[in-house]
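Residue numbers (my numbering), protein chains in the order written: chain A, 44 to 447; chain B, 217 to 343.
Have a look at this one:
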């Protein structure tokens with residue numbers, strides 16, 4: 044019963060936590076510009092992230108180590124510095140994009156400039172981290188995040204042609220502006236295979252003291268939870284394809300996209316869109332701030348954990364505090380959140396191989412995982428993920444030049 | 217790939233910029249329609265009109281500064297941008313109470329400008 048509850052909460056957390064500034068922004072652009080043609084990167088990215096999170100959860104449950112602490116121990120600081128530096132940079136950029144997204148949601152709701160909201164939003168996130176526990180943050184984000192299900196309701200209401208939707212799940216080339224199409228595909232993959240999700244998931248598993256008996260729950264949470272999350276992401280594509288594309292609106296900013304839910308949900312649509320953007324971004328900003336503190340503390344062997352008070356783990360609290368001082372700067376400078384998000388997604392893709400590759404070695408270490416090391420299926424999956432990550436990293440910058 | 221990016225036809229970014237302009241016209245028209253049915257707040261309409269004007273200025277500068285575009289396309293695009301900026305700024309004039317009123321936007325003119333932008337983009341795509 045306890046395990047069932049854990050799985051249910053994990054699934055709710057995945058649904059509620061899936062949609063954030065990156066996945067929402069890329070999905071809106073994809074649907075409004077290419078209708079269902081870019082559903083396949085969401086599906087492919089979801090398969091990749093399921094494999095990665097399942098492995099990081101397994102490592103935490105069996106070895107009682109997170110991916111970052113195990114990598115630091117296994118490879119030494121000289122190598123480990125590079126994945127750490129890459130993920131710190133990526134997390135900071137994505138955190139800044141989330142704060143921009145949340146501030147913009149408030150601007151849409153109130154008409155008051157997002158620059159005015161940047162500091163209060165950041166302060167709210169900091170207070171929640173300072174005062175809250177891991178469980179409280181995880182579950183409140185998950186429950187509030189269920190507002191994003193409004194996209195699923197809207198997609199169902201719009202009665203899409205399901206055969207055409209299914210066709211979008213098969214990878215193919217587009218004849219209309221191929222560089223832009225490829226750039227969007229790469230950005231969607233960058234938003235879906237978020238490295239912070241992997242390290243945050245394994246840190247969360249340690250916070251919740253997972254044991255070997257939780258491996259079944261880990262598998263279910265990773266696979267079913269992420270799949271439900273992906274359904275929300277795909278619903279955004281479908282909604283944008285059916286409400287924005289037919290009107291000739293190709294989303295370039297969140298302001299243009301704010302009316303995506305208005306046709307199916309009427310007066311509620313605008314407010315539900317803003318609420319989804321706000322909750323999704325605040326939730327992801329909480330997770331990213333925590334992830335930054337987790338990976339830095341784990342890499343330097345500091346005491347860490349959100350359930351302890353800041354006076355017990357001063358350095359852990361200092362890391363997220365420092366990150367939150369830097370993160371609102373792009374919003375304060377007036378940089379458009381969607382453009383900043385797209386840049387952050389490209390940066391994520393460039394850093395991805397460096398962050399993912401150590402997992403292949405760690406997950407085959409019998410001293411750590413004993414009988415729970417990767418089998419041929421998991422190894423094949425992680426090799427494919429690494430190959431995809433390398434390909435994307437090579438393509439990301441030229442595609443940003445050509446299609447961005 | 218990087219060298220390929222240097223060889224990209226100037227008509228590709230031009231077409232994207234023109235599509236972007238048409239998309240803004242469509243978005244503002246839709247927002248206006250929704251606002252008239254009270255489906256979005258007035259503050260949102262004002263904001264999207266303001267953002268649209270700013271984006272159109274950027275698009276206009278991008279097109280005007282491009283040195284390797286056919287002159288006819290460039291002139292037509294910048295003229296359309298000017299027209300759209302004119303429609304948006306005249307629509308956002310101050311009313312008698314001293315606040316901006318975006319309800320005055322000439323949506324018919326905006327729809328016509330969008331149509332001409334689309335036509336221009338398809339002609340640029342055909343070259």
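Just so it is clear, CB atoms sit at the ideal spot from N, CA and C, and this is done for glycine as well.
Here the structure is a predicted model, which is why all the values come from computation and not from measurement.
In the structure shown, residue 406 of chain A adopts coil according to DSSP, grouped into three states. Residue 337 of chain A: member of the alpha helix (DSSP H) spanning 310 to 343, first to last residue. 290, 291, 292, 293, 295, 296, 298: these are the residues of the region 272 to 298 of chain A whose beta carbon lies less than 7 Å from some beta carbon of chain B, given in chain order.
Around residue 310 of chain A, the beta-carbon contacts reaching into chain B at under 8 Å are 254, 255.
Under the DSSP assignment, residue 415 of chain A falls outside any alpha helix (DSSP H); it carries neither an H nor an E label.
Within its own chain, the residues whose Cβ lies closer than 6 Å to the Cβ of residue 273 of chain A, once the five positions on either side in sequence are excluded, are 85, 89, listed in chain order.
Annotation for residue 245 of chain B: the continuous alpha helix (DSSP H) segment containing it runs 227 to 252. If the five residues before and after residue 367 of chain A are omitted, its C-beta is found closer than 7 Å to the C-beta atoms of 165, 168, 169, 332, all from its own chain and listed in chain order. The residues 96, 99, 100, in chain order, have a CB closer than 7 Å to that of residue 244 of chain A in the same chain once the five nearest residues on each side in sequence are set aside.
The distance from the Cβ of residue 244 of chain B to that of residue 326 of chain B is about 6 Å, consistent with a contact at the 8 Å cut-off. Close partners of residue 299 of chain B in chain A (Cβ separation under 7 Å) are lacking, with about 18 Å as the shortest Cβ gap.
With 16 or more other CB atoms across the displayed protein chains lying within 10 angstroms of its CB, residue 240 of chain B is buried.
Contact annotation, residue 92 of chain A with residue 277 of chain A: C-beta distance approximately 14 Å; criterion of less than 8 Å not satisfied.
In this structure, residue 250 of chain B sits near residue 302 of chain A, with a CB-CB distance shorter than 8 Å.
Closer than 8 Å to the CB of residue 154 of chain A there is at least one CB belonging to chain B.
The alpha carbon of residue 254 of chain A has as its nearest neighbour, out of A:199, A:316, A:105, A:70, the alpha carbon of A:105. Taking residue 411 of chain A as the centre and dropping the five residues before and after it, the same chain places the C-beta of 106 closer than 6 Å to its C-beta, in chain order. Minimum Cα-Cα distance from residue 247 of chain A among the listed residues A:234, A:264, A:232 corresponds to A:264. Here the alpha carbons of residue 398 of chain A and residue 129 of chain A stand approximately 8 Å from one another. Going by C-alpha positions, residue 195 of chain A is about 14 Å away from residue 205 of chain A. Cβ-Cβ distances below 8 Å link residue 362 of chain A to 335, 336, 339, 340 in the same chain, with the five nearest sequence neighbours on each side left out; the list follows chain order.
Between the region 310 to 324 of chain A and the region 266 to 277 of chain B there are fewer than three inter-stretch CB-CB distances shorter than 8 Å, so the stretches are not counted as touching.
Looking at the backbone, the Cα of residue 415 of chain A and that of residue 421 of chain A are separated by about 11 Å. Rounded to whole angstroms, the separation of the alpha carbons of residue 112 of chain A and residue 313 of chain A is 43 Å.
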